[in-house]
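Top to bottom, those sequences are chains A and B. Quick note: the first sequence uses the working numbering, first residue 794, plus one each step. Quick note: the second sequence uses the working numbering, first residue 227, plus one each step.
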Amino acid sequence: MPEGKYIIKLCLLGDGAVGKTSLVRRYVFDVFDDKYLVSFGTKVSKKTMSIEGSEIDLMIWDILGQKSHAALHEAYYRGAAGAFAVCDYTRPDTLKNLKSWLGSFRSIVGEMPVIILGNKSDLEKRFTFQELEAYGQSVGCLVLETSAKTGQNVELAFEQMGKKLLEAVR
Amino acid sequence: MRPLPFFVMPGIALAHLREELEIVEGDQRARLMLYRYGQRCGRALVESFGLSSSSLSEIRSIIEPIWMEAGLSRIKIDSLEEGEMVVNLEESVESKEGKTCDFGRGYLSGIVSQLLGKRYEVDEVECSSQGYMTCVMQVYEVVDSLRPVTHDDQETIRKYNLGSGYSYIIKEEVPDQAYDIFVDAAKHGTPCLCVTREYPEKVKDRWELKGVPFLWLSMDQEKPYSRDPANVALLYSDIKTFVTENKGCMVLLSGLEYLISQNGFQKVLKLLQHINDRIAVTDSVLIAPISPLTLPEGDLKMLEKELRSF
Numbered sequence: 794m795p796e797g798k799y800i801i802k803l804c805l806l807g808d809g810a811v812g813k814t815s816l817v818r819r820y821v822f823d824v825f826d827d828k829y830l831v832s833f834g835t836k837v838s839k840k841t842m843s844i845e846g847s848e849i850d851l852m853i854w855d856i857l858g859q860k861s862h863a864a865l866h867e868a869y870y871r872g873a874a875g876a877f878a879v880c881d882y883t884r885p886d887t888l889k890n891l892k893s894w895l896g897s898f899r900s901i902v903g904e905m906p907v908i909i910l911g912n913k914s915d916l917e918k919r920f921t922f923q924e925l926e927a928y929g930q931s932v933g934c935l936v937l938e939t940s941a942k943t944g945q946n947v948e949l950a951f952e953q954m955g956k957k958l959l960e961a962v963r
Numbered sequence: 227m228r229p230l231p232f233f234v235m236p237g238i239a240l241a242h243l244r245e246e247l248e249i250v251e252g253d254q255r256a257r258l259m260l261y262r263y264g265q266r267c268g269r270a271l272v273e274s275f276g277l278s279s280s281s282l283s284e285i286r287s288i289i290e291p292i293w294m295e296a297g298l299s300r301i302k303i304d305s306l307e308e309g310e311m312v313v314n315l316e317e318s319v320e321s322k323e324g325k326t327c328d329f330g331r332g333y334l335s336g337i338v339s340q341l342l343g344k345r346y347e348v349d350e351v352e353c354s355s356q357g358y359m360t361c362v363m364q365v366y367e368v369v370d371s372l373r374p375v376t377h378d379d380q381e382t383i384r385k386y387n388l389g390s391g392y393s394y395i396i397k398e399e400v401p402d403q404a405y406d407i408f409v410d411a412a413k414h415g416t417p418c419l420c421v422t423r424e425y426p427e428k429v430k431d432r433w434e435l436k437g438v439p440f441l442w443l444s445m446d447q448e449k450p451y452s453r454d455p456a457n458v459a460l461l462y463s464d465i466k467t468f469v470t471e472n473k474g475c476m477v478l479l480s481g482l483e484y485l486i487s488q489n490g491f492q493k494v495l496k497l498l499q500h501i502n503d504r505i506a507v508t509d510s511v512l513i514a515p516i517s518p519l520t521l522p523e524g525d526l527k528m529l530e531k532e533l534r535s536f
């Protein structure tokens, strides 16, 4: 495979307060803050990663979790090469809602790589990894459990995503 | 439903736009233009979504999510009373290095005005760029001075019947015929707007114009109906709004010579071309008296090419 430099847009999807912003902060800045502040608009963070001799500038779009009007929200998906669909282990409804997040994302960008993250794995879980995995299989997505607080699997999730994105763009 | 196209810009884009406007138009005009641009954007957003609300108290649940999505700032509606609302904005993308939130102020005004179908203006009473904790916006209703009150005089016969959808130039030293046509239309139930260089109170008395809204072309900005003659964008916006909301109306634009002296011929010609287009699509009528001795022949010919001669 040819080596090269890529700039790739990645979106974070999922309900409010599932930990999307915390995951980005953990991965990009290696910090975690317990205080919750609702995001507004969209924040874009850049992280450069090297995979198999290629350099990827990952532009991570942290999208507002409170869905209001689809047309406005979906504008942010355009041009994305992949997404993390994030749910919160302590709130089963956030897993159920992934269907709608995935649906609207794929309706704009098509069949791009998506990894499902069960976040807040350090807290008491209200559904199991098996349930999450079963859902992931049904929609053809890799599944990982993460904790932005402890950092569990955060690096791994982005690495896996980087590989998938690279396969897709090469 | 057809998908609505949107595009995404970084927050810094507003600062760049402001800088460009400040260079070209000066600080004060730049602020006004950002405000008015914000109003247009806010109105367009609500219109695109087909949203509406029957009262100010209902709109909290609509404004907060669409505002948060736009990414201009965080929003908190502090108080809501009939005709007035106080809003707190935090982390405004505009409020930096002494710059106030002019686009955001306009955006809020546009959203509220379009939602409620009335005109709401917004003042920024405190801005975090001036050392305050948050940006505080006061939203208040403004009585629409451009709302015509029509009445149909059944006892007299209408004298003039100008083809609708056209703009007319009337060459006369004193605009008596133009006013005669205008008064005739106003008396017979046509919604009318009078844009004039003359002081409106005098025009009203002289021509017995009741219920007709006026825009006064004057540097004196004390009156609510005053319009800075150099601000043709604002003038166009007001005329466009009136014509759009009152299809089949008549607009009298008296004072072209004054507008030309303030802006140059090309700018005024462009204004007339824009108005002419709106007049055409709304089946309205524009009458524009002009003293032919005040213009070079070439300019007059250009006007005659754009507008019909009466």
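All C-beta atoms, glycine included, are put in the ideal place defined by N, C-alpha and C. In this text the structure is predicted, and so the values were computed from the model without any measurement.
Residues that residue i bridges to, as DSSP identifies them
{"i": "Glu316 of chain B", "result": "B:Arg300"}
{"i": "Cys559 of chain B", "result": "Coverage of chain B is limited to positions 227 through 536, which leaves residue 559 of chain B absent and any answer about it impossible."}
{"i": "Ala170 of chain B", "result": "Because chain B in this structure spans residues 227 to 536, residue 170 of chain B falls outside the shown range and cannot be described."}
{"i": "Arg266 of chain B", "result": "Answer by DSSP bridge pairing: none, since Arg266 of chain B is not bridged."}
{"i": "Thr422 of chain B", "result": "B:Trp442 and B:Ser480"}
{"i": "Pro515 of chain B", "result": "B:Ile396"}
{"i": "Tyr366 of chain B", "result": "B:Glu310 and B:Glu347"}
{"i": "Asp378 of chain B", "result": "B:His414"}
{"i": "Asn758 of chain A", "result": "It is not possible to answer for residue 758 of chain A, since the shown part of chain A is limited to 794 through 963."}
Residue i classed as buried or exposed, judged by whether at least 16 other C-beta atoms fall within 10 angstroms
{"i": "Gln265 of chain B", "result": "buried"}
{"i": "Glu250 of chain B", "result": "It should be pointed out that residue 250 of chain B corresponds to Val in this sequence rather than to Glu. Val250 of chain B is exposed by the Cβ-count criterion."}
{"i": "Tyr308 of chain B", "result": "Reading off the sequence shown, one finds Glu at residue 308 of chain B, where the question assumed Tyr. Result: exposed."}
{"i": "Glu938 of chain A", "result": "buried"}
{"i": "Lys219 of chain B", "result": "The displayed coordinates of chain B run from 227 to 536. Any statement about residue 219 of chain B would go beyond what the structure contains."}
{"i": "Gln340 of chain B", "result": "buried"}
{"i": "Glu399 of chain B", "result": "exposed"}
{"i": "Leu519 of chain B", "result": "exposed"}
{"i": "Gly437 of chain B", "result": "exposed"}
{"i": "Val429 of chain B", "result": "buried"}
{"i": "Leu298 of chain B", "result": "buried"}
{"i": "His242 of chain B", "result": "exposed"}
{"i": "Ile432 of chain B", "result": "A small fix is needed here, since residue 432 of chain B is Arg in this sequence, not Ile. Answer is exposed; the Cβ neighbour count stays below 16."}
{"i": "Gly330 of chain B", "result": "buried"}
Chain B within 7 Å of residue i, Cβ atoms only
{"i": "Val811 of chain A", "result": "no"}
{"i": "Thr835 of chain A", "result": "yes"}
{"i": "Ala868 of chain A", "result": "yes"}
{"i": "Gln945 of chain A", "result": "no"}
{"i": "Val817 of chain A", "result": "no"}
{"i": "Gln953 of chain A", "result": "no"}
{"i": "Leu865 of chain A", "result": "yes"}
{"i": "Leu851 of chain A", "result": "no"}
{"i": "Leu857 of chain A", "result": "yes"}
{"i": "Ser838 of chain A", "result": "no"}
{"i": "Pro795 of chain A", "result": "In this prediction, Pro795 of chain A scores a pLDDT of 49, lower than 50, which makes its location untrustworthy; the coordinate-derived value is nonetheless stated afterwards. Pro795 of chain A does not count as touching chain B."}
Option in the options with minimal Cα separation from residue i
{"i": "Arg899 of chain A", "options": "A:Ala876, A:Ala961, A:Lys860 and A:Ser832", "result": "A:Ala876"}
{"i": "Leu526 of chain B", "options": "B:Glu352, B:Ser274, B:Ile396 and B:Glu350", "result": "B:Ile396"}
{"i": "Thr360 of chain B", "options": "B:Glu317, B:Glu448 and B:Tyr346", "result": "B:Glu317"}
{"i": "Val272 of chain B", "options": "B:Pro417, B:Ser335 and B:Glu434", "result": "B:Ser335"}
{"i": "Leu935 of chain A", "options": "A:Ile909, A:Leu949 and A:Lys802", "result": "A:Ile909"}
{"i": "Leu372 of chain B", "options": "B:Cys475, B:Gln488 and B:Val511", "result": "B:Cys475"}
{"i": "Ser940 of chain A", "options": "A:Ala874, A:Ala863, A:Gly955 and A:Thr883", "result": "A:Thr883"}
{"i": "Ser838 of chain A", "options": "A:Tyr829, A:Met852 and A:Arg963", "result": "A:Met852"}
{"i": "Ala256 of chain B", "options": "B:Asn387, B:Gly332, B:Arg269 and B:Ser299", "result": "B:Gly332"}
{"i": "Ser281 of chain B", "options": "B:Gln254, B:Lys325 and B:Arg345", "result": "B:Arg345"}
{"i": "Leu342 of chain B", "options": "B:Val375, B:Gly268 and B:Asn387", "result": "B:Gly268"}
Neighbour flag for residue i against chain A, beta carbons, 7 Å
{"i": "Arg217 of chain B", "result": "Limits of chain B in this structure are 227 at one end and 536 at the other, which puts residue 217 of chain B out of reach."}
{"i": "Glu273 of chain B", "result": "no"}
{"i": "Val234 of chain B", "result": "yes"}
{"i": "Leu240 of chain B", "result": "no"}
{"i": "Glu284 of chain B", "result": "no"}
{"i": "Gly297 of chain B", "result": "yes"}
{"i": "Leu388 of chain B", "result": "no"}
{"i": "Arg266 of chain B", "result": "no"}
{"i": "Met359 of chain B", "result": "no"}
{"i": "Met311 of chain B", "result": "no"}
{"i": "Arg300 of chain B", "result": "yes"}
{"i": "Pro291 of chain B", "result": "yes"}
{"i": "Met528 of chain B", "result": "no"}
{"i": "Leu294 of chain B", "result": "Inspection of the sequence shows that residue 294 of chain B is occupied by Met rather than by Leu. Interface residue, yes."}
Closer than 6 Å: residue i CB and nearest the ligand NAD heavy atom
{"i": "Ser283 of chain B", "result": "As presented, the structure is devoid of all ligands, the ligand NAD included, so that no description of it is given."}
Extract the residue ranges of the beta strand (DSSP E) inside the region 814-902 of chain A, only unbroken runs of 3 or more that lie entirely within it. Qualifying beta strand (DSSP E) stretches, in chain order: 835-844, 847-856 and 875-881.
Let me know the beta strand (DSSP E) ranges lying completely inside the region 429-461 of chain B, each 3 residues or longer, listed in chain order. 440-443
Write down every uninterrupted run of the alpha helix (DSSP H) in the region 918-946 of chain A whose length is 4 residues or greater and which is fully enclosed by it, in chain order. 922-931
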